[in-house]
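Position in the sequence shown (from 1) plus 1 gives the number in the working numbering.
Report on one structure; see the data block that follows.
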Amino acid sequence: MEISMHTAVFKDGDENIIDEQALFAEDIAGEENEVINLYPEMAYETFEGFGGAITDAAGYVYAQMNEIQKKEVIDTYFNPEKMNYTLVRIHMDSCDFSTGLYEAVSDENDREMKSFSFERTEKYIMPMLKDAAAAAGKPLTLMLSPWSPPEFMKTNGERCHGGKLKKEYRKWWAEYICRYITEFENRGFKVSRISLQNEPKAVQTWDSCVYSAEEEKEFLRDFMYPTLKEKGLDHVKIFIWDHNKERVFERARDIIDETTDPMVAGIAFHWYSGDHFEALDLVREKFPGKQLLLSESCLEYTKFDKNMAGRQGFRLAHEVIGDLNHGMTAFHDWNILLDEEGGPNHVGNFCHAPFLYDRKTKKLMRQTTQTFFYMFSHYIVPGSVRIAFSKYTGDIEMSAYKTPQGEIIVILLNCTEKDYPVNFRLNGKVVKVISRAGSIAAAELM
């Protein structure tokens, strides 16, 4: 048995890639110190895959690039030999990462939605989505999420600044969402899941809509789920919440009961309010059959110095490892491509992305955060099963999986300024490696 270590070391803004191999030996001495134990016989949930969001903003920037640059972006993310993204999240109607506000229907008298327009989605999102599917060479798993119903359906009469869905429009809004699903599927893209509302607690300066737990439950039970069945779209799985982790347990507890349990496939969550890994444990304990899906994660420039985004990759990796170890079954990064400002964004809510494109110099700029995501998405392939481990120090963060091919994959994160020796122990054999200071590594045990 051998180990292959692929390590990315970050120091003073530089990135150094180190590849190493070593052979396991019999643990004759009974190694006790500096040990990481791996227990593949103790298996947990199966991981579905990694992906990101193709937004109007990402598609707009994509349209500005030349064909070589487009190929680099799409191939890096979706080629199975590279980052191997298999999941895509897309907004229905505009979101903050759109070039402007738009909605498919604006006529409150058009109950049959004869004026429904898919034009804005066709303009920037669909070309990028089609190229992504071609690079993947297999169907992508699509998740659709609404940021706001049309203005006329809302209590505040606008897409932005929160407001609520008027009760008299709940059935129409459910049909509107189904129409979006149908538009994608008519173009050959199967929609696998939806969330009911992006960030239902947030009153944002951009497209937003507020639901209490009871309002979300009523919309799910009385309108969205029945309408999906009515339209022959009951293959589409429904995810609730789609907001930060600090309230993920309460929202699941308040929505899921004997009636709604079969309607809810899982709970979607974001990373913006901190770790709250214990909240995922609570959901798994009370609702063991539900998927835990991270639907959005990025570095917001309102919270992080954009010039320090590379260093913040360690924080992103810490988040991914924690979520993996506490039951996450799928991960979506936010925008997969933005411009040099971190936009376009119609309210200036700029964010980081693993690829940025400078509109003035016409230069595509790969970001350090891409390396961190690569370490997860390339090695933890869809269908991998999380396995048990124990480790000798909290200074090393890690997660471990067994792939469908039988390989053991270990992700090691060392955020410290110190090298740490590691004795991997597996099935009575041991091998010694180094977890380098300021690094993320993927170890393949074969």
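All residues carry an ideal CB built from backbone N, CA and C; glycine is no exception.
In this structure, Ala269 places its C-beta atom within 7 Å of the C-beta atom of Asp243. Cα atoms of Val434 and Glu46: separation of roughly 28 Å, rounded to the nearest angstrom. About 6 Å separates the beta carbons of Phe190 and Leu143, which is inside the 8 Å limit, making them a contact pair.
Bounds of the beta strand (DSSP E) holding Leu413 are Ile409 to Asn415. Non-local C-beta neighbours of Ile4 in its own chain, meaning closer than 6 Å and more than five positions away in sequence, comprise Ala23, Val432, Ala444 and Leu446, ordered along the chain.
Exclusion of the five residues before and after Gln313 leaves Leu300 and Phe305 as the residues of its chain whose Cβ lies within less than 6 Å of its Cβ.
Boundaries for Phe185: no beta strand (DSSP E) harbours it, while the alpha helix (DSSP H) harbouring it runs Arg171 to Asn187, taken from the DSSP string. Per DSSP, reduced to three states, the secondary structure at Tyr358 is strand.
Out of Gly439, Glu216, Asn346 and Asn415, the CA that lies nearest to the CA of Lys168 is found in Glu216.
Counting along the chain, Ala64 sits inside the alpha helix (DSSP H) bounded by residues Asp57 to Gln65. Positions of the alpha helix (DSSP H) runs, each at least 4 residues long and wholly inside the segment 24 to 99, are given as 57 to 65 and 68 to 79 in order along the chain. Contact between Asp94 and Ala105 holds, since their C-beta atoms are separated by about 6 Å, short of 8 Å.
In the three-state reduction of the DSSP assignment, Tyr421 falls in the strand class.
Under DSSP, Lys403 shares a beta bridge with Val386 and Ile409. In the DSSP assignment, Ile239 forms a beta bridge with Ile195. By the Cβ test, the segment 76 to 87 is in contact with the segment 48 to 68, since at least three Cβ pairs between them sit closer than 8 Å. Contact check for Ala175 against Met225 passes: the beta carbons are separated by less than 7 Å.
The beta-bridge partner set that DSSP reports for Ile18 consists of Ala9. Ser440 is positioned such that its CB atom lies closer than 7 Å to that of Val10.
Spatial neighbours of His327 in its own chain (CB-CB distance under 7 Å, excluding positions within 5 residues in sequence) are listed in chain order as Phe278, Leu281 and Asp282.
In the structure shown, Glu215 adopts helical secondary structure according to DSSP, grouped into three states. His7 and Asp15 have their alpha carbons spaced roughly 16 Å apart. Apart from the 5 residues on each side of it in sequence, Ile257 sits with its Cβ closer than 7 Å to the Cβ of Val265 and Phe288 in its chain, given in chain order. For the pair Leu357 and Leu339, the CB atoms are nearer than the 7 Å cut-off. Between the C-alpha atoms of Asp396 and Cys416 there is a straight-line separation of about 7 Å. In this structure, Tyr61 lies away from Tyr103, with their beta-carbon atoms at least 7 Å apart.
If you draw a 10 Å sphere on the C-beta of Asn428, you find fewer than 16 other C-beta atoms in it, and that means exposed. With respect to the 7 Å criterion, Asn424 and Glu42 are not classified as neighbours on the basis of their beta carbons. Closest in C-alpha terms to Ser378, from the list Leu325, Pro147 and Lys115, comes Leu325. Collapsing the DSSP output to three states places Asn350 in coil.
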